[in-house]
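Accompanying notes for the structure given below.
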Amino acid sequence: MSEIKKVFSEGMWKDNPVFRQILGICSSLAVTNLLINSFVMGIGLCFVTGFSSFTVSLLRHHTPKHIRMMVQTLIISAYVIMLDIFLKAYYPSMSKALGPYVGLIITNCIIMGRCEAFAQHNKPLISFFDGISMGLGYTVVLLFIAFFRELLGFGSLFGIQILGEGWVNWTLMIMPPGAFFMLGIVIWIAKNIFPNQEEAEKGGAKA
Amino acid sequence: MPKKKPLLYPVVFMVLITAFFTFLLAFINESTIDEIERQEDLRLQRSILYVFDIPYDETNDNEVTYTYQANITTESRQGRTLYIYEKDDTIKGYAFEFSGSGLWGTITGHLALAPSFDELLGVNFIAHSETPGLGGRIDELVYKDQFRGIVPNATSEAIVYRPADGGNVDAITGATLTSKSVKNMINVFIPEINAFAREEGLYERN
């Protein structure tokens, strides 16, 4: 139980994939202009990281070490295609909105990173949980960024108009630069207000 | 001497795991193919209903299909699909699919014309890869609705952006190239369709 707790807190905060490990930046820049897009993308990523880690961990004793990357890529892409088919069949408007980014989950470094760093050495169940926590950590950051981008760029939250008629949409926020600014601010806040304990003990990080 | 890596095992392992996932995906694909096709059809039906400005219930899929089937018939001529809007036995308009190059990729859409081919009923875009928030705004009603009721002039181009003389449509700020592409696409397509209609004798059907 304590192990699960530790894995969870690492995924959500201490080792958060986006602002600690700076992984999965590409998609977090691309889909955060609307909250609903970020939400579906986050759920999709949770599904893929969870099951990929689970499968990789399940096969870890049988996979020859020198071809493990190939095996991981295969497993990850299989789950991504499943997700893509699912969205196309049951949520076509979202499939259209996310466009190529669903397929590009394959290249999301978080998944491969977790397969390599965690699932290779741990039991299936805890690996599954690790994948889910990492996915959730990613989702939370995405939602945080999307909250500000959608609110400032469209004046709405989850498509519901929040700011009144007088609000002038800040178009920059829904364009790529808006994502860069927001992500930079998020990383800056995370690094400054909540300094990494290990780094603090060492007397600051080395560049 | 370093230990030799086994050769056969990795190959067999890889083949087995590939086969397993391929079968799994093939199965999922096979079982959802009908649903995906239905969704594709719905998208097309919504687009055609929009260009003819036929009111329909957006939230109810069956309603969309029902409205579509009650009003629209299709014909195929010269490899072109013709969507015909018929109401009370009179033809209200024809719609066609058009496509052309946008800023980043191909833009595909539908365009509807009155039966006399002298009035634009509506334009809709079904696939494009323009920048979200800029060129991507061609999907917004504010832009698309402007094309309704434009009467193409035989001597000049159909679409002219304001504030030029005789302008009839507002372009999108910050998306000059996308706006231009759309304009050129439609201005080329309308004469093309007029020639097609003359060849096929569509004018005489009224």
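Just so you know, the sequences run in chain order G and C. The first sequence begins at 1 in our numbering and counts up one residue at a time. The second sequence begins at 1 in our numbering and counts up one residue at a time. Cβ coordinates follow ideal geometry from the N, Cα and C atoms, glycine included. Please read all numbers here as calculations on a predicted model, not as lab measurements.
Check, Outcome
"Determine whether the Cβ of C/Q78 lies closer than 8 angstroms to any Cβ atom of chain G.", "no"
"Report the option in G/G178, G/G131, G/F129, G/Y138 whose CA atom is closest to the CA atom of G/E150.", "G/G178"
"For C/S47 versus C/N153, is the C-beta spacing smaller than 8 angstroms?", "no"
"Are there 16 or more other CB atoms within 10 angstroms of the CB of G/Y90, so buried, or fewer, so exposed?", "exposed"
"To which residues of the same chain is G/I36 closer than 7 angstroms at the C-beta, ignoring the five residues directly before and after it?", "F158, G159"
"Which of the three DSSP states is assigned to G/E224 in this structure?", "As shown, chain G starts at 1 and ends at 207. That puts residue 224 of chain G outside it, with no answer to give."
"Between C/T106 and G/W167, what straight-line distance do the alpha-carbon atoms span, to the nearest angstrom?", "34 angstroms"
"Any beta carbon from chain C within less than 8 angstroms of G/G203's own beta carbon?", "Residue confidence is low: G/G203 scores 47 on pLDDT, short of 50, so the model does not pin down where it sits. No coordinate-derived value is stated."
"Can the beta-carbon of G/L29 be found less than 8 angstroms from the beta-carbon of G/L183?", "yes"
"Closer than 8 angstroms, Cβ to Cβ, to anything on chain C: give me those residues from the region 63-79 of chain G, in chain order.", "T63, P64, H66, I67, M70, V71, L74, I75, A78"
"If you follow the beta strand (DSSP E) that C/L24 is part of, which residue opens it and which one closes it?", "No beta strand (DSSP E) contains C/L24, which is instead part of the alpha helix (DSSP H) from 8-51."
"Suppose only complete runs of 4+ residues qualify. What are the alpha helix (DSSP H) ranges in the region 38-105 of chain G, listed by chain order?", "68-90, 92-98"
"Are G/S77 and G/K88 touching if we call contact CB-CB under 8 angstroms?", "no"
"Near G/Q72, which residues of its chain fall below 8 angstroms by C-beta distance, leaving aside the five closest residues on each side in sequence?", "S52, V56, M112, C115, E116"
"With distances taken from CA atoms, which of C/F98, C/I84, C/E200 is nearest C/K92?", "C/I84"
"Nearest to C/V182 by alpha carbon, out of C/A197, C/Q146, C/T18, C/D34?", "C/Q146"
"Return no unless some Cβ of chain B is closer than 8 angstroms to the Cβ of G/P177.", "In the displayed structure, chain B is absent; the protein chains listed are G and C."
"With 8 angstroms set as the bound, which would you pick, yes or no: does the beta-carbon of G/M182 sit closer than that to a beta-carbon of chain C?", "no"
"Spell out a yes or no on whether the region 55-64 of chain C and the region 109-129 of chain C are touching, meaning 3 or more CB-CB pairs, one atom from each, closer than 8 angstroms.", "no"
"Is G/S133 closer than 8 angstroms to G/E10 when the C-beta atoms are compared?", "yes"
"If G/D84 sits next to G/G99, beta carbons under 8 angstroms apart, how far is it from one beta carbon to the other, in whole angstroms?", "Incorrect: roughly 11 angstroms between the Cβ atoms, too far for contact."
"8 angstroms is my cut-off, CB to CB: does G/A117 come that close to chain C?", "no"
"Given a cut-off of 8 angstroms on the beta-carbon distance, is the pair C/V51 and C/L121 in contact?", "yes"
"Answer with buried or exposed for G/M69, where buried requires no fewer than 16 other C-beta atoms within 10 angstroms of its C-beta.", "exposed"
"Looking at the structure shown, is C/T81 part of a helix, part of a strand, or coil, going by DSSP?", "strand"
"Mind pulling the alpha helix (DSSP H) runs of 4 or more residues that sit fully within the region 113-191 of chain C?", "141-144"
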